[in-house]
Amino acid sequence: MRKANVNKKRCVACGECAYTCPKTAITVKNGCFAIVDAALCVGCGLCAKACPADCIDIMEEVHHEK
Ligand code: SF4
Ligand code: SF4
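Per our numbering, the sequence shown starts with residue 253, numbered consecutively.
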């Protein structure tokens, strides 16, 4: 499944993504950067569209075993 991934270096902790997410999968950690709860994220991409810093990518979840 596709999941949102935040580039923490570019995130300005504005909270737009958390406000936009229909699954409340994003929290802004200590006013520093946004973190996505992959268990809640459905990969809809709304957060990526809302982010003014363009720091969210929607990507395939990484699986370590094959
Ligand atoms: S992709 Fe959708 S469900 Fe996932 S964090 Fe972004 S807005 Fe929320
Ligand atoms: S919208 Fe973008 S810049 Fe703002 S808190 Fe979310 S990831 Fe960070």
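Just so you know, even glycine gets a beta-carbon here, dropped at the ideal spot from N, CA and C. Just so it is clear, the structure is predicted and the values come from calculations on it, not from any experiment.
Contact test: residue i Cβ vs ligand 3 heavy atom, cutoff 7 Å
i    : result
G283 : Ligand 3 is not part of this structure, which contains only ligand 1 and ligand 2.
Ligand 2 heavy atom lying under 7 Å from the CB of residue i
i    : result
N290 : Reading off the sequence shown, one finds Ala at residue 290, where the question assumed Asn. For ligand 2, not one heavy atom lies less than 7 Å from the Cβ of A290.
Cβ distance (whole Å) where residue i is taken to contact residue j below 8 Å
i    : j    : result
C269 : A291 : Going by Cβ atoms, the distance from C269 to A291 rounds to 17 Å, so no, they are not a contact pair.
A277 : I310 : No, A277 and I310 are not in contact; Cβ-Cβ is about 12 Å, not under 8 Å.
V280 : G267 : 5 Å
T272 : C293 : The pair is not a contact, with the Cβ atoms about 12 Å apart (cut-off 8 Å).
V258 : I308 : 6 Å
E312 : R262 : Contact doesn't hold; Cβ gap of about 21 Å is too wide.
Exposure of residue i, with buried meaning 16 or more beta-carbon neighbours within 10 Å
i    : result
V288 : buried
Report task. For ligand 1, enumerate in chain order all residues having a CB closer than 7 Å to any of its heavy atoms. Result -> K255, A256, C269, T272, C273, P274, K275, A277, I278, V288, L292, C293, V294, G295, C296, G297, L298, C299, A300, I308 and I310
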